[in-house]
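Input: a single structure, listed below in structure tokens.
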Amino acid sequence: MSTAPVLSPALQERLDSARQLTDSIFRLLKPEALYSRPIPERHRLIFYLGHLEAFDWNLICRKTLGVDSFSPQFDTLFEFGIDPPVGQAATDQPSDWPRVEEIQAYNRRIRERIDELLDRAPEQIIQVALEHRLMHAETLAYLLHNLPYGQKTTNAAPVVHSTHQLVNPMIEIAPGVATLGQKPGEFGWDNEFAEHQVSVPGFRVSKYKITNGQYADFVREGAPTPHFWIPRGDRFIYRGMFSEIPLPLNAPVYVTHAEATAYARWAGKKLPTEAQFHRAAYETPGGSERLYPWGSVPPGGSAPPDEARGNFDFHHWDPVDVNANPAGDSASGVSQLVGNGWEWTATKFGPFPGFQPMPFYPGYSQNFFDEEHYVMKGGSPVTAACMLRRSFRNWFRPNYPYVYASFRVVED
Ligand SMILES: [Fe+2]
Numbered sequence: 012m013s014t015a016p017v018l019s020p021a022l023q024e025r026l027d028s029a030r031q032l033t034d035s036i037f038r039l040l041k042p043e044a045l046y047s048r049p050i051p052e053r054h055r056l057i058f059y060l061g062h063l064e065a066f067d068w069n070l071i072c073r074k075t076l077g078v079d080s081f082s083p084q085f086d087t088l089f090e091f092g093i094d095p096p097v098g099q100a101a102t103d104q105p106s107d108w109p110r111v112e113e114i115q116a117y118n119r120r121i122r123e124r125i126d127e128l129l130d131r132a133p134e135q136i137i138q139v140a141l142e143h144r145l146m147h148a149e150t151l152a153y154l155l156h157n158l159p160y161g162q163k164t165t166n167a168a169p170v171v172h173s174t175h176q177l178v179n180p181m182i183e184i185a186p187g188v189a190t191l192g193q194k195p196g197e198f199g200w201d202n203e204f205a206e207h208q209v210s211v212p213g214f215r216v217s218k219y220k221i222t223n224g225q226y227a228d229f230v231r232e233g234a235p236t237p238h239f240w241i242p243r244g245d246r247f248i249y250r251g252m253f254s255e256i257p258l259p260l261n262a263p264v265y266v267t268h269a270e271a272t273a274y275a276r277w278a279g280k281k282l283p284t285e286a287q288f289h290r291a292a293y294e295t296p297g298g299s300e301r302l303y304p305w306g307s308v309p310p311g312g313s314a315p316p317d318e319a320r321g322n323f324d325f326h327h328w329d330p331v332d333v334n335a336n337p338a339g340d341s342a343s344g345v346s347q348l349v350g351n352g353w354e355w356t357a358t359k360f361g362p363f364p365g366f367q368p369m370p371f372y373p374g375y376s377q378n379f380f381d382e383e384h385y386v387m388k389g390g391s392p393v394t395a396a397c398m399l400r401r402s403f404r405n406w407f408r409p410n411y412p413y414v415y416a417s418f419r420v421v422e423d
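Take a look at the structure:
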């Protein structure tokens, strides 16, 4: 008999819908594409087909509930992703991986077992599995972004963009306190703890993310072309998820940390620190901090994320214009701090004071406290709503060009 609390139906439903989401992303692939490797520093796509289930199985059933493995070889093969330095590609061949049917059979068996046992697992473990899957939904999206269009099954209509280049003013943010991290008792990954406050001097921040149109001035002065742009003749084309479109001047430019930093320097500005991002996003004139950038009635709170507030949660595969979501503006009028592209910060990914690795997944954050990764905040078009929480932190190497990573600039 189990004494663990019965799993809330909401969590079971969320797991079901997360599975449907990742299944639907795999259906975007033509069968022959499964063994390709769209990004040299990542596994072939076939790895992820097994990884999502292997992760849930290893965490929930084997490590937490002590269930015996029925396929130790697959449990190990699909256990971990890779993150080598850029340029150090893996060398495995398609024939090194099992057949799709074998992996699908493994996956089916795992889902059945997990659903039988889910009630016995602690909620925190289920939340970890759930968010791990949703993070991979985003990873899969940007891996698929880099496949030739002919290897994808869907051709969603491209996002409509304005063509008249907008002005991106600087907005004053008053000095004050930024609360970083997650409250005790709330769900968060280990790197979100402990909650603490940082005092931040006043600064100015761009109202909008830096746009393709703004970045084009930098490229015209000799900066390298971002990965998402394709030079064609004397103009640039944007590499969308399902088709190429003329470069959308008012969409955020997706760049590496190194490119963002170089642009900021060129413009006589800087990237915000993680604490500055928090101030721009969550401060209010009264001194309290919101949970999301936007407010709500009654004043002081934040409505939950919805489509009007920003471009997130898989409503679009590609970025919208930076001024498309005024309903998501912060108290100071800064736009799209959440969604439409993660935002690079100048802060290296490291532990908050009081950091403790999760005992059941000790390497999740700790393996990346290496001075080689930078914090990103906010979220992309394909970041699930639950990970738009204030304390959530993402991180990448400074020269990894494939993520949906935008930036804005600050000056002291
Ligand atoms: Fe993973």
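Just so you know, we're using our numbering here: the sequence shown kicks off at 12 and counts up by one. Note that CB positions come from ideal geometry on N, CA and C, so glycine has one too. Since the model is a prediction, treat every value here as computed from it, not as a measurement.
Which residue wins for smallest C-alpha separation from Pro316, given the options Gln193, Ser254, Leu60, Arg301?
Arg301
Using the rule of at least 16 other Cβ atoms within 10 Å of the residue's Cβ for burial, across every protein chain shown, is Gln115 buried or exposed?
exposed
Quick check: is any heavy atom of ligand 1 less than 8 angstroms from the C-beta of Gly61?
Distance from the C-beta of Gly61 to the nearest heavy atom of ligand 1 is not below 8 angstroms.
Local conformation of Arg215 per DSSP, three classes:
Residue state, collapsed to three classes: strand.
Hey, would you say the C-beta of Met146 is under 8 angstroms away from at least one heavy atom of ligand 2?
By its list of ligands, the structure shown excludes ligand 2, since it contains just ligand 1.
Do Asp67 and Ile121 have their beta-carbon atoms positioned less than 9 angstroms apart in this structure?
yes
4 or more residues per run - each alpha helix (DSSP H) lying fully within the segment 242-325
268-277, 285-293
Any non-hydrogen atom of ligand 1 closer than 8 angstroms to His54 Cβ:
no
Starting from Glu382, trace the beta strand (DSSP E) both ways and give me its first and last residue.
No residue range can be given for Glu382, since it is assigned to no beta strand (DSSP E) and is classified by DSSP as neither H nor E.
Residue from Arg25, Leu282, Val111, Arg48 whose Cα sits closest to the Cα of His156:
Arg48
State whether the segment 161-169 contacts the segment 248-258, with contact taken as three or more CB pairs (one from each stretch) at a distance under 8 angstroms.
yes
Mind checking which residues open and close the alpha helix (DSSP H) that includes Thr150?
Where Thr150 is concerned, the enclosing alpha helix (DSSP H) stretches over 134-156.
So, for Ser19: in the same chain, excluding its five sequence neighbours on each side, which residues have a beta-carbon less than 8 angstroms away from its beta-carbon?
Glu134
Using 8 angstroms as the cut-off, classify the Cβ of Gly306 as near or not near the heavy atoms of ligand 1, replying yes or no.
Not so, every heavy atom of ligand 1 lies at least 8 angstroms from the Cβ.
Comparing C-alpha positions only, which one of Asp103, Leu39, Ile125, Val188 sits nearest to Val78?
Ile125
Hey, is Gly374 close to ligand 1, as in C-beta under 8 angstroms from one of its heavy atoms?
The answer is no for Gly374.
Measure from the alpha carbon of Phe325 to the alpha carbon of each residue in Pro304, Ser106, Leu145, Glu52, then state which is nearest.
Leu145
Taking 8 angstroms as the cut-off, is the beta-carbon of His384 closer than that to any non-hydrogen atom of ligand 1?
Distances taken from the Cβ of His384 to the heavy atoms of ligand 1 include none shorter than 8 angstroms.
Below 8 angstroms on the Cβ atoms is my guess for His238 versus Pro412; work out the distance and round it to an integer in Å.
4 angstroms between Cβ atoms; contact.
How about Phe379: is its Cβ closer than 8 angstroms to a heavy atom in ligand 1?
no
Would you call Ala101 buried or exposed, if buried means 16 or more other Cβ atoms sit within 10 Å of its Cβ?
exposed
According to DSSP, Val209 sits in a beta bridge with which residue or residues?
Ala189
Rounded to a whole number of angstroms, what is the C-alpha to C-alpha distance between Pro257 and Lys280?
28 angstroms
Looking at the strands, I want to know which residues DSSP matches up with Ile182.
Val216
Under 8 angstroms from any heavy atom of ligand 1, does the C-beta of Glu66 make it?
Note on residue identity: the sequence assigns Phe, not Glu, to residue 66. True, at least one ligand heavy atom lies under 8 angstroms from that Cβ.
At the level of alpha carbons, what is the spacing between Ile184 and Val216?
7 angstroms
From this set, Ala262, Ile241, Ala205, Gly350, which residue's C-alpha is nearest Pro368's C-alpha?
Ala205
Find out if the Cβ-Cβ distance for the pair Asn351, Ser417 is shorter than 9 angstroms.
A contact, by the Cβ cut-off of 9 angstroms.
If you reduce the DSSP assignment to three classes, tell me which class Asn336 lands in.
coil
Please classify Trp406: is it buried, with 16 or more other beta-carbons within 10 angstroms of its beta-carbon, or exposed?
buried
First and last residue of the uninterrupted beta strand (DSSP E) at Glu354
Run containing Glu354: 353-359, per the beta strand (DSSP E) assignment.
Since I believe Glu285 is in contact with Asn356 (beta carbons under 8 angstroms), could you give me their beta-carbon distance rounded to a whole number of angstroms?
The sequence shown places Thr at residue 356, not Asn. Contact flag correct, Cβ pair sits at about 5 angstroms.
DSSP beta-bridge partners for Val421?
Val216, Lys281
According to the neighbour-count rule (16 or more other Cβ atoms, all chains shown, within 10 Å of its Cβ), is Gly374 buried or exposed?
exposed
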